[in-house]
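Start counting the sequence shown at 1; every next residue gets the next number (UniProt numbering). Note that beta-carbon positions come from the ideal geometry of N, C-alpha and C, so glycine has one too. See structure below.
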Amino acid sequence: MKKLFIVLISILATITLFAKDYQGSLLKNGDQAPTFKLQTIDGKEFSIADLKGKVVLVNFFATWCGPCMKELPVVQGQLWPKFKNDNFVMVAIGREHTAAELKAFNQKKGFTFPLAADPKREVYSKFASQYIPRNYVLDKSGKIIFQSVGFTQKELEEMIKIIADNL
């Protein structure tokens, strides 16, 4: 009986560790967001350090990612127009894309939120090791208060509520 208990605990521990790794996040809620600077495709500098006092959404995506291509239009339609103001900032970061690729992509899509390129995963690798789409919501002090991987309407609604509650 004791051996069975030890085996079950070992299996449970392995599953738990795998589940955490599966998400690929290097950060947890409550952590301070890593600092980074990027240039948006319209030439503006985007620096996390300059955004203290604002609620920030950092989105990681790729143009070839099916769930990302479902998520971004919903963000454009439901989230961005609702919160776009002086107290909320968003940037969608194209993982493994150049600025030229994102400009061409956005000419077809017409997103109005800021887009920035991360061609070598330099910013992405500060947040996660794998999986997109990925969202991080930062509070006014720069701490992570929400994160998600993949796209579901339920998670988007939860993210919208958290942003609204923190503005």
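- Following the DSSP letters along the chain, one finds I145 inside the beta strand (DSSP E) bounded by residues I144 to V149.
- Every alpha helix (DSSP H) stretch that sits fully inside the UniProt domain "Thioredoxin" (27-167) and reaches 4 residues is listed by chain position as 66-74, 80-83, 99-109, 124-127 and 153-166.
- For H97, the closest C-alpha among the options P119, Q39, V56 and P73 is that of P119.
- Rounded to whole angstroms, the separation of the alpha carbons of F60 and F36 is 14 Å.
- In this structure F127 touches L26 by the C-beta definition: roughly 6 Å separates them, less than 8 Å.
- Note on Q147: 16 or more other CB atoms within 10 angstroms of its CB, so buried under the neighbour-count rule.
- Apart from the 5 residues on each side of it in sequence, A49 sits with its Cβ closer than 7 Å to the Cβ of T35 in its chain, given in chain order.
- Inter-segment contact for the segment 36-47 and the segment 132-152 is absent: fewer than three beta-carbon pairs are separated by less than 8 Å.
- Here E157 is exposed. Its C-beta has fewer than 16 other C-beta atoms within 10 Å.
- Rounded to whole angstroms, K143 and L79 show a C-alpha spacing of 20 Å.
- A direct Cα-to-Cα measurement between P114 and N29 gives close to 24 Å.
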